[in-house]
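Q: Here it is, the structure in full.
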Amino acid sequence: MNITIPFTNKAYALGDGNHYQIRPIQVDDQEGIIQLFNHLSPESRYLRFAHAISKLPDDFLDDILHLDYKKEMALLAAMTSHTGTEEILSVGDSHATHGVGTHLMLDLIEYAKKNGLQEMLGYVLRINSKMLHLVSDLGFQIHSQDDDPDFKTVSLLL
10 MNITIPFTNK
20 AYALGDGNHY
30 QIRPIQVDDQ
40 EGIIQLFNHL
50 SPESRYLRFA
60 HAISKLPDDF
70 LDDILHLDYK
80 KEMALLAAMT
90 SHTGTEEILS
100 VGDSHATHGV
110 GTHLMLDLIE
120 YAKKNGLQEM
130 LGYVLRINSK
140 MLHLVSDLGF
150 QIHSQDDDPD
160 FKTVSLLL
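Under this note's numbering, read the sequence shown as residues 10 to 167, first letter to last.
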């Protein structure tokens with residue numbers, strides 16, 4: 010793993026008795042991320058990428074697999090199956106409503122605070138009501154964008 014700023018991996022329980030771990034993305038996660046993307050519904054793909062796509066863009070995949078962890082962070086949730094293989098979890102499809110998205114955001118907020126960031130800023134599609142509800146519950150301020158009515162700006166002072 011190429012992380013230079015420590016991140017403590019955390020384990021959480023799913024409602025069915027299984028557990029998952031939140032950890033930074035690693036270079037060897039490429040195949041798992043591709044498989045996850047391929048199993049996402051078209052709606053989930055649209056909500057994540059803000060347009061309809063049928064293939065995970067190579068430049069996006071390359072960017073998240075080769076982060077400069079001194080300046081960036083990308084987390085994923087993974088569960089080890091009963092056969093010992095690791096499955097990267099989707100927030101929007103098969104594991105929705107299990108707290109995975111909330112735990113990912115809380116861990117990212119905690120990491121940002123520990124590393125001296127003063128604010129988190131993001132852009133969320135106006136129609137992504139689940140994400141807007143989540144960030145609102147976590148204390149983010151939500152603002153409309155005059156120049157792009159399809160998106161909301163979300164911000165959290167740390």
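Positions of the beta carbon are idealized from the N, C-alpha and C atoms, including for glycine. Keep in mind the model is a prediction, meaning the values are calculated, not measured.
#1: Considering only residues of the same chain and omitting the five flanking positions on each side of I12, which have a CB-CB separation below 6 Å?
#2: With DSSP run on the structure shown, which of helix, strand or coil describes M10?
#3: Apart from the five residues just before and just after M10, which ones in its own chain have a Cβ nearer than 8 Å to its Cβ?
#4: Write down every uninterrupted run of the beta strand (DSSP E) in the segment 28-74 whose length is 3 residues or greater and which is fully enclosed by it, in chain order.
#5: Looking at C-beta atoms only, is the number of pairs between the segment 106-116 and the segment 46-59 that lie closer than 8 Å three or more?
#6: Should D37 and L84 be called a contact, given that it needs their Cβ atoms to be closer than 8 Å?
#7: Name the DSSP beta bridge partners of A20, please?
#8: Check the C-beta distance from E95 over to G41 and give it rounded, since I have them as a contact under 8 Å.
#9: Report the rounded CA-to-CA distance for D25 versus Q39, giving the unit in angstroms.
#10: Identify whether G131 lies in helix, strand or coil by the three-state DSSP scheme.
A: On the basis of the data shown:
#1: Residue placement at I12 is poorly supported in this model, since its pLDDT is 43, which falls under 50; the coordinates are not used for a value here.
#2: Residue placement at M10 is flagged as unreliable, the pLDDT there being 42, under the threshold of 50; a coordinate-derived value is accordingly withheld.
#3: At M10 the pLDDT is 42, less than 50, meaning the model places this residue with poor confidence; the figure from the coordinates comes in the next sentence. So the qualifying residues of the chain are P33 and Q35.
#4: If we require 3 residues or more, the beta strand (DSSP E) runs fully inside the segment 28-74 come out as 28-33.
#5: As far as the Cβ criterion goes, the segment 106-116 does not touch the segment 46-59, which means the pair count is below three.
#6: No.
#7: DSSP lists Q30 as partners of A20.
#8: Going by Cβ atoms, the distance from E95 to G41 rounds to 7 Å, so yes, they are a contact pair.
#9: Straight across, the Cα-Cα distance linking D25 with Q39 is about 27 Å.
#10: Secondary structure at G131: strand, using DSSP grouped into helix, strand and coil.
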